[in-house]
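Quick notes on the structure that follows.
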Amino acid sequence: LIDQQLKFTGKLEEAHNFKLNKDDNGAFSFKPRWDKVANADYYEIKFSDMLYSTITDATLLFENLSPETNYSLQLRAVNKDGVSDWTALKITTEANPLQFAIKGITAKTSAENQGSEGISKLFDFDESSMWHTKWGVKSDPFEIIIDLKGENKLDRLSYLPRQGGGNGTLLKGKVFYSNDKENWTLTNEFDWKNNGTEKVVEFKSNPIARYLKLDIEKGAGGFGSGREMYVFRVAGSEASIAGDINNDKIIDRNDLTSYTNYTGLRKGDADFEGYISKGDINKNGVIDAFDISNVATQLDGGVRESLKTGLAGTLVLSTPKSTFEKDEVIEVAVKGIALKDVNALSFSLPYNTADYEYLGSTADGIKSMENLIYDRLHSDGQKVLYPTFVNIGNKDAISGSEILFVIKLKAKRKINFNLKM
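Residues in the sequence shown are numbered consecutively from 66, following this note's numbering.
In structure tokens, the structure reads:
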């Protein structure tokens, strides 16, 4: 087949103007060009230990490259009589335009979304997919709450509407940031035109935040839609992933194992400061169910959560009597009262080791939650039991009023039971 392509004869000069125009260079591809060579049937390029042959155009696209990487190419012309001398070209690919775009973002909306066009499509790094609120239902005003999965120093937000604009293009609203999803700070307001061009929110003060909230006052046609939304951290700033306790830039069961080992560790304990303290996501000075659940809800496929939770309820302790003799087993029932949508729970139960010995627990009412109870001796000598139960992955939450688990203690001398959470 190659021989059939060799028709021209005569001397071949080396290719001239072998170059790369700026518009033809990218982070992951480039497309060099050259002047056609008289008498050439086709061209060949040496690139990355490969020979690309029978190139009939005076250009060739190279893809699947790495950003900011140096590459070397050699080009020659070929005809029936032979080949030209090689012409060399060195190329450095551009920086990845999304290098500092935060990955792993999740979001939820107060408006109902359209089936397969859920809000996750707005943060999937795929500009060919689209998010859209429910068709035929007026959605605005509504909220989008964005979880960056860690505290980041914010640079800007980039919103790509649907091609050409139209229904759902976000037009008017406000942008807030927060670290606890309760206290919000207004950072920007926007009033955008209904077209398909990129819309940008600049975070001029570069706040450090985990959550963003978009209050959408108006969307085209009363809907919400978009191809993609990128949130960029400041170039060169450290990427933070809440719950990545072993700092390997991913959330996995290794993090859960670390949390399990450090359940109940608190500020003041010898091992707390340093990387363990970074796992204290709610910053209350102790590794508890809130921190562990942040990881557990991302495992085994993760959990879908609604914008507004009905979380409610209290826990109470009870014993069959108040006075116990030496060596008597004390069964402490932990009952949930009017619980609603409880996906994890924990509390601390300090006790005097001269009075009590922890024997174990039974957890018949805790459903599918993992039992992570930890009987911990703190660095200050205090003994504290940390009943801790967490759902891993998408499991049923607990609702209702019932005995959840029973803690078994042994009285080491005659006592009046007075332990409190």
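Glycine included, every Cβ here is placed at the ideal spot set by N, Cα and C.
Asked	Found
Return yes when the Cβ of Lys460 is within less than 8 angstroms of the Cβ of Ser433, no when it is not.	yes
Taking the straight line between their C-alpha atoms, what separation do you get for Asn483 and Pro415?	11 angstroms
In this structure, how does DSSP classify Asn483 when only helix, strand and coil are distinguished?	coil
Looking only at its chain, what residues have a beta carbon closer than 7 angstroms to the beta carbon of Asn325, apart from the 5 residues adjacent to it on each side?	Here the sequence assigns Thr to residue 325, which means Asn is not the residue at that position. Hits under 7 angstroms: Leu437.
Taking Asn259 as the reference, which of Glu267, Leu235, Ile281, Asn481 has the closest Cα?	Leu235
Can you tell which of Thr198, Asn217, Ile209, Tyr423 has the C-alpha that lies nearest to the C-alpha of Gly183?	Thr198
I'd like to check one pair, Tyr276 with Asp212: are the Cβ atoms closer than 8 angstroms?	yes
Could you tell me which of Ala354, Thr384, Ile316 sits nearest to Gly366, measuring between CA atoms?	Ile316
Tell me whether Gly242 sits in a helix, a strand or coil according to DSSP, three-state version.	Before going on, a small fix: residue 242 reads as Tyr here, not Gly. It is a strand residue.
Any chance you could list the alpha helix (DSSP H) runs of at least 4 consecutive residues sitting entirely within the region 395-438, in chain order?	none
Between Val202 and the rest of its own chain, which residues show a CB-CB distance below 7 angstroms, the 5 nearest in sequence each way excluded?	Glu177
Less than 8 angstroms separating the beta-carbons of Thr384 and Ile395?	yes
Does the count of Cβ pairs from the region 162-181 and the region 147-154 closer than 8 angstroms reach three?	no
Count the CB pairs spanning the region 229-247 and the region 183-193 that are closer than 8 angstroms, and state whether there are at least three.	no
Tell me whether Ser113 is buried or exposed, calling it buried when 16 or more other Cβ atoms sit within 10 Å of its Cβ.	exposed
Contact defined as beta carbons within less than 8 angstroms: I believe Thr158 pairs with Glu128. What is the distance between those atoms, to the nearest angstrom?	Actually they do not touch by this definition, with Cβ atoms about 11 angstroms apart.
Report, in whole angstroms, the separation of the C-beta atoms of Gly291 and Arg227, which I expect to be a contact under 8 angstroms.	7 angstroms
Buried or exposed: Trp196, going by 16 or more other Cβ atoms within 10 Å of its Cβ?	buried
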